[in-house]
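Below is one structure, written out as structure tokens; the observations come after it.
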Amino acid sequence: MLRNTRSDFPKGFLFGTATSAYQIEGHGFGGAGPTHWDSFAATPGNVTRAEHGLRACDHYHRYEEDLDLAEAAGFDCYRFSTSWARVLPEGRGAPNPEGLDFYDRLTDAMLERGLKPCVTLYHWELPQALADMGGWRNADIANWFGEFTEVIMGRIGDRMYSAAPINEPWCVAWLSHFLGHHAPGLRDIRATARAMHHVMLAHGTAIETMRGLGMTNLGAVFNLEWATPANNSAEVRLAADRYDAIYNGFFLGGAFRGCYPDLALEGLEPHLPTGWQDDFDTITAPVDWCGLNYYTRKLIDAESNPDANAWPNMQEIDGPLPKTQMGWEVYPQGLYDFLTRTAREYTGNTPLIVTENGMANADALMAGAVTDDARIAFVDDHLDAVRRAIADGAPVHGYFLWSLLDNYEWALGYEKRFGLVHVDFDTLKRTPKASYHALKSALKTAPLD
52 MLRNTRSDFP
62 KGFLFGTATS
72 AYQIEGHGFG
82 GAGPTHWDSF
92 AATPGNVTRA
102 EHGLRACDHY
112 HRYEEDLDLA
122 EAAGFDCYRF
132 STSWARVLPE
142 GRGAPNPEGL
152 DFYDRLTDAM
162 LERGLKPCVT
172 LYHWELPQAL
182 ADMGGWRNAD
192 IANWFGEFTE
202 VIMGRIGDRM
212 YSAAPINEPW
222 CVAWLSHFLG
232 HHAPGLRDIR
242 ATARAMHHVM
252 LAHGTAIETM
262 RGLGMTNLGA
272 VFNLEWATPA
282 NNSAEVRLAA
292 DRYDAIYNGF
302 FLGGAFRGCY
312 PDLALEGLEP
322 HLPTGWQDDF
332 DTITAPVDWC
342 GLNYYTRKLI
352 DAESNPDANA
362 WPNMQEIDGP
372 LPKTQMGWEV
382 YPQGLYDFLT
392 RTAREYTGNT
402 PLIVTENGMA
412 NADALMAGAV
422 TDDARIAFVD
432 DHLDAVRRAI
442 ADGAPVHGYF
452 LWSLLDNYEW
462 ALGYEKRFGL
472 VHVDFDTLKR
482 TPKASYHALK
492 SALKTAPLD
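Using the numbering used here, read the sequence shown as starting at 52 and increasing by one per residue.
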């Protein structure tokens, strides 16, 4: 059981769960076009066991069963994403009627169950046709994304409780273009700088487009990792500050301050597109809330290889704390730190939402049940951090668990399980875990006045 319940949070505080299109829907269904993730997964060595998202959890056909689970758990909200290539198979041009009809049905099914639809327009599955034209490196992508926004929100935007353009810009840009771990799998600083800027420009363009459609309750979603210096030397503290600037400050600063931090620009500015400073009027399009995806911290040291003077001169090292199945340290203090710091330094009184928080665990189905006590403890400890942040003045208005279902974990295939519901990836049978039942019980209590 959870020690935290709905009754420990203010009236109106929202609890939800989250998923993403490519990870659960089954991209081989319903006329969706090819994406750069399909190509990335088909390239040997990129994804565990070369697994892909063509079937995934078959949410495309089983969405009613899955939404029944979300409703039965007592969640207020369901955060989902739309697939650009399902709606526009070529990224532009003629929409796919089956894709639009699917998101219509999905939206209505949420509303029928009393779930508030919270959409994220893009969660990483770029149409391959646009990737062929440079993808996030191409400045035209902001306009392409605006066109996609117009099409999909023109269809379902009138029924959305909330909307955000892009999930985790750091993953879209740095993880995918500098580290090469996600599609398109590049390791190119010029591509990275341009992708980082263009993803922010696309964010602002989509916000302006949705405002033009009359939509409200629009936000931005950032993944944040607390950077802890491995020791107190000046060099290592600088490395941790640089990590923080690249990972957190670039995107928060762009959206809320209209500038990028100097420690990020020292390596990126030579590679940014001409006139990048002129785009902040769009990038800073006002939002109604800020979403924080938080999982872990990183212990940061200075680079130790022979190229130690090469930017960004930082490396992650193994930390001493207990770890999840992902090898990520469990560090609830970081969630408190980010909620209070984000309000203090970037967003002021703008509502904050924990849009993702959760853990991968080596869950095993035994005798028809999954005992995941580690996940229950993880959620409890992070809810403690949220409550402390609220008590200390952070305007936190909601908390979403990642994820409703075990799903396709990108380059790690189907090996890592984040779900409140176990999925047998052979039979696709859903089995709620102990954490699901614990949350269901916790959410039944009445909120604070």
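All residues carry an ideal CB built from backbone N, CA and C; glycine is no exception. The structure displayed is predicted, hence computed values, not measured ones.
Nearest-angstrom Cα separation, counted from residue j out to residue i
{"i": "residue 227", "j": "residue 406", "result": "21 Å"}
{"i": "residue 97", "j": "residue 497", "result": "47 Å"}
{"i": "residue 435", "j": "residue 55", "result": "7 Å"}
{"i": "residue 143", "j": "residue 198", "result": "7 Å"}
{"i": "residue 461", "j": "residue 87", "result": "12 Å"}
{"i": "residue 393", "j": "residue 225", "result": "21 Å"}
{"i": "residue 427", "j": "residue 348", "result": "19 Å"}
{"i": "residue 61", "j": "residue 126", "result": "15 Å"}
{"i": "residue 374", "j": "residue 383", "result": "12 Å"}
{"i": "residue 482", "j": "residue 112", "result": "17 Å"}
{"i": "residue 301", "j": "residue 63", "result": "31 Å"}
{"i": "residue 181", "j": "residue 81", "result": "20 Å"}
{"i": "residue 336", "j": "residue 310", "result": "13 Å"}
{"i": "residue 397", "j": "residue 253", "result": "20 Å"}
{"i": "residue 67", "j": "residue 399", "result": "24 Å"}
{"i": "residue 76", "j": "residue 420", "result": "24 Å"}
{"i": "residue 233", "j": "residue 102", "result": "13 Å"}
{"i": "residue 402", "j": "residue 92", "result": "37 Å"}
{"i": "residue 417", "j": "residue 119", "result": "23 Å"}
{"i": "residue 328", "j": "residue 283", "result": "35 Å"}
Same chain only: Cβ atoms within 8 Å of residue i, ignoring 5 sequence neighbours per side
{"i": "residue 408", "result": "344, 345, 346, 386, 430, 433, 450, 451, 452 and 453"}
{"i": "residue 365", "result": "290, 291, 293, 294, 351, 352, 353 and 354"}
{"i": "residue 84", "result": "136, 137, 139, 140, 141, 142, 147, 178, 179 and 180"}
Exposure label - residue i; buried when at least 16 CB within 10 Å
{"i": "residue 74", "result": "buried"}
{"i": "residue 179", "result": "buried"}
{"i": "residue 495", "result": "exposed"}
{"i": "residue 368", "result": "exposed"}
{"i": "residue 466", "result": "exposed"}
{"i": "residue 317", "result": "exposed"}
{"i": "residue 171", "result": "buried"}
{"i": "residue 121", "result": "buried"}
{"i": "residue 230", "result": "exposed"}
{"i": "residue 216", "result": "buried"}
{"i": "residue 262", "result": "exposed"}
{"i": "residue 303", "result": "buried"}
{"i": "residue 94", "result": "exposed"}
Sequence-distant residues of the same chain with beta carbon closer than 7 Å to residue i, five excluded per side
{"i": "residue 114", "result": "157 and 160"}
{"i": "residue 333", "result": "252, 255, 256 and 259"}
For residue i, the residue or residues it bridges with in DSSP
{"i": "residue 69", "result": "130 and 453"}
{"i": "residue 482", "result": "473"}
{"i": "residue 417", "result": "420"}
{"i": "residue 352", "result": "366"}
{"i": "residue 170", "result": "131 and 214"}
{"i": "residue 344", "result": "274 and 407"}
{"i": "residue 374", "result": "380"}
{"i": "residue 86", "result": "178"}
Residue i in three-state terms, based on DSSP
{"i": "residue 273", "result": "strand"}
{"i": "residue 447", "result": "strand"}
{"i": "residue 405", "result": "strand"}
{"i": "residue 367", "result": "strand"}
{"i": "residue 380", "result": "strand"}
{"i": "residue 280", "result": "strand"}
{"i": "residue 94", "result": "coil"}
{"i": "residue 325", "result": "coil"}
Cutoff 9 Å: residue i Cβ touching any chain C Cβ
{"i": "residue 304", "result": "Absence of chain C from the displayed structure is noted, only one protein chain being present."}
Same chain, Cβ closer than 6 Å to residue i, neighbours up to 5 away in sequence not counted
{"i": "residue 275", "result": "299, 343, 345 and 389"}
{"i": "residue 201", "result": "260"}
{"i": "residue 70", "result": "131, 454 and 455"}
{"i": "residue 149", "result": "81 and 82"}
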